[in-house]
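In what follows, a single structure is set out as structure tokens and then discussed.
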Amino acid sequence: MATTVIQDNNKLVRYTKEINREFVRENLFSPYMSQDLNAIIRVRQELKQGGEQMNIPLVTKLRGKGRGSGTLVGNEEKIDNYGMRLYVDWARHAVTTKKSEEQKDSADIFAEARPLLSDWGKERQRDDLIEAFMSLPSESAPAGLGTDDGDTINGIRYEAASPAQRNAWNAANEDRILYGNSVGNFNANHATSLGAIAATQRLSGAIVSLAKRRAMNAVPAIKPYKTKNGYEYFVVFCGTNSFRDFKLDPAVYEANKDARARDVSTNPIFQDGDLIYDGVIVRQVPEISNYVTDVWTSLQTAGASNGRVEPYFLCGQQAAVLGWGQMAKPTFRKEDDYGFIKGVGTEMCYGVSKMFKKHPMDGGPLKQWGMVSGFVAAPLDA
């Protein structure tokens, strides 16, 4: 019996017009970004009126004991102040297509251009904030400012810093850096300090509490973030591996089991989301772990016995600043070859920096202003 076979070109092919886009995470720093002095990440917009750099004045509290009935003239205290400079640069991106390609398209892929560009902008700002948190403070303008390779991240990128630069940052910020679970792990050499972090020294309730005490005792002081209802918190931003270890710490687990509501819909034992312990909000930012894998690769073998290390950032008020020259706006290609080429883009002008101050102002080293930088063991999942 002869059976009819459908030739390949005649086989039915159905194409879905629904396009599946790669997941792009919303900026997990957004709840802590505002123009308020209280904000962890301060948003400044002065440069929207023009200019390449802005000056951010920082003032420390008075520390002198003053005078009683003795002579006050000649015994006044000077105000320790500093002007931190923030530089802004351009970030632009675009996509194009031709009518000849649109004619072939079964799913209107080019219609996704604007949301894809929006996602690119969100990722760019999120990643710049992570890089800024990890960067070393510098009074110099970013390399290549205003060129095709302009940099929206102020400071010295960690992966580009020399051992000497890392050691200088390490020494200047001894009171606001924590390696592993002990202040005693600190060494004048940054790499040696990382090497003191044993595989068992993972992020835990005890480490978070110790980092909080470091922040409270730091000079200049690191002020806690204050919520709208008046509560004061420090906020830790950490990667997935560190968050995993923190969530599994017996002290943290027991606190959530015994002191939090047992409702499945709200208890963090059952639900993902921020954790709170000892007045510290711990927030997971997965891309921090990705940076160790893809960018800060020296940390993959920096711990004791070549163990993997991840940073975390315990932040108070004004830990970082995002300064806008121009908010993101859509752009369109003008050279369209008589309407045959379509192009859409986005452009923005901004700068991101860890806040820092020369302390004291007359010749002191550069200290990060509102942050304790921590490093813990964080092995990958087996």
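Heads up: the sequence shown is residues 8 to 389, going by the working numbering.
Virtual Cβ for every residue (Gly too), placed ideally from N, Cα, C.
Cβ pair count under 8 Å reaching 3, the segment 207 to 225 against the segment 297 to 308: no
Selection from F320, N188, S312 and L306 that minimises the alpha carbon distance to L217: The sequence position of residue 217 within the sequence shown is 210, counting from 1. Of the listed residues, the one whose Cα sits closest to L217 is N188.
Helix, strand or coil at K364 [DSSP, three-state]: The sequence position of residue 364 within the sequence shown is 357, counting from 1. Reduced to three states, the DSSP call for K364 is strand.
Inter-stretch contact (C-beta, 8 Å, three-pair minimum) for the segment 372 to 381 and the segment 336 to 355: no
8 Å Cβ shell around D158 - same chain, five flanking residues per side excluded: Your numbering for residue 158 matches position 151 in the sequence shown. Result list for D158: D96, P149, A150, G151 and L152, in chain order.
Short Cβ contact (7 Å threshold) for G358 with G330: Along the sequence shown, one-based indexing puts residue 358 at 351. Along the sequence shown, one-based indexing puts residue 330 at 323. A contact, by the Cβ cut-off of 7 Å.
Among T247, F241 and L282, nearest to Y260 - alpha-carbon criterion: As a working note, residue 260 is residue 253 in the sequence shown. Among T247, F241 and L282, the Cα nearest to that of Y260 belongs to L282.
Anticipated Cβ contact below 8 Å, I137 with E294, distance rounded: The count along the sequence shown starts at 1 and reaches residue 137 at position 130. The count along the sequence shown starts at 1 and reaches residue 294 at position 287. So it is a contact: roughly 6 Å between Cβ atoms.
The segment 82 to 93 in contact with the segment 56 to 70 per 3-pair CB rule at 8 Å: yes
Reference P386; option with closest CA among G332, G346, A327 and T308: As a first step, residue 386 must be located in the sequence shown, where it is residue number 379. Checking every option, the nearest Cα to that of P386 belongs to T308.
Between the CA atoms of V287 and N236 - distance to the nearest angstrom: The count along the sequence shown starts at 1 and reaches residue 236 at position 229. The count along the sequence shown starts at 1 and reaches residue 287 at position 280. Spanning the two alpha carbons is a distance of roughly 16 Å.
N-terminal and C-terminal residue of the beta strand (DSSP E) that N177 is part of: Working through the sequence shown from its first residue, we reach residue 177 at position 170. No beta strand (DSSP E) contains N177, which is instead part of the alpha helix (DSSP H) from P170 to A179.
Distance between L124 and A335 (C-alpha atoms, nearest Å): As a position in the sequence shown, residue 335 is number 328, starting the count at 1. As a position in the sequence shown, residue 124 is number 117, starting the count at 1. Cα-Cα distance, rounded: 10 Å.
According to DSSP, residues forming a beta bridge with P337: Counting from 1 along the sequence shown, the entry for residue 337 is found at position 330. According to DSSP, which records beta bridges pairwise, P337 is partnered with T353.
For A389, the three-state DSSP class (helix, strand or coil): Within the sequence shown, residue 389 is the residue found at index 382, counting from 1. Coil at A389, not helix or strand.
Y165 classed as buried or exposed, judged by whether at least 16 other C-beta atoms fall within 10 angstroms: Counting from one through the sequence shown, the residue named residue 165 turns up at place 158. Y165 should be labelled buried.
E53 versus Q333: straight-line alpha-carbon distance, rounded: The residue you call residue 53 lines up with position 46 of the sequence shown. The residue you call residue 333 lines up with position 326 of the sequence shown. Cα to Cα, the separation comes out at about 10 Å.
A262 to Q42 span [Cα, whole Å]: Counting from 1 along the sequence shown, the entry for residue 262 is found at position 255. Counting from 1 along the sequence shown, the entry for residue 42 is found at position 35. C-alpha separation (whole angstroms): 34 Å.
Q208, buried or exposed, once every other Cβ within 10 Å from all chains shown has been counted against 16: Residue 208 sits at position 201 when you count from the first residue of the sequence shown. With 16 or more other Cβ atoms within 10 Å, it is buried.
Sub-7 Å separation of L321 and V243 beta-carbons: Stepping through the sequence shown from its first residue, residue 321 is reached at position 314. Stepping through the sequence shown from its first residue, residue 243 is reached at position 236. In this structure, V243 lies closer than 7 Å to L321 by Cβ.
CB contact flag (I47, Y240, <7 Å): As a working mapping, residue 47 is identified with position 40 in the sequence shown. As a working mapping, residue 240 is identified with position 233 in the sequence shown. No, the Cβ-Cβ distance between I47 and Y240 is not below 7 Å.
Cβ neighbours of E160 in the same chain (closer than 6 Å, five flanking residues each side left out): For the purposes of this step, residue 160 is identified with residue 153 of the sequence shown, where counting begins at 1. Reading off the sequence shown, one finds Ile at residue 160, where the question assumed Glu. So the qualifying residues of the chain are D135, E138, A139 and V359.
Spatially closest choice to Y345 from P257, L35 and K105, by CA coordinates: Stepping through the sequence shown from its first residue, residue 345 is reached at position 338. Considering only alpha carbons, the answer is K105.
Sheet register partners of G381 (DSSP bridge): As a position in the sequence shown, residue 381 is number 374, starting the count at 1. According to DSSP, G381 bridges with L185 and Y319.
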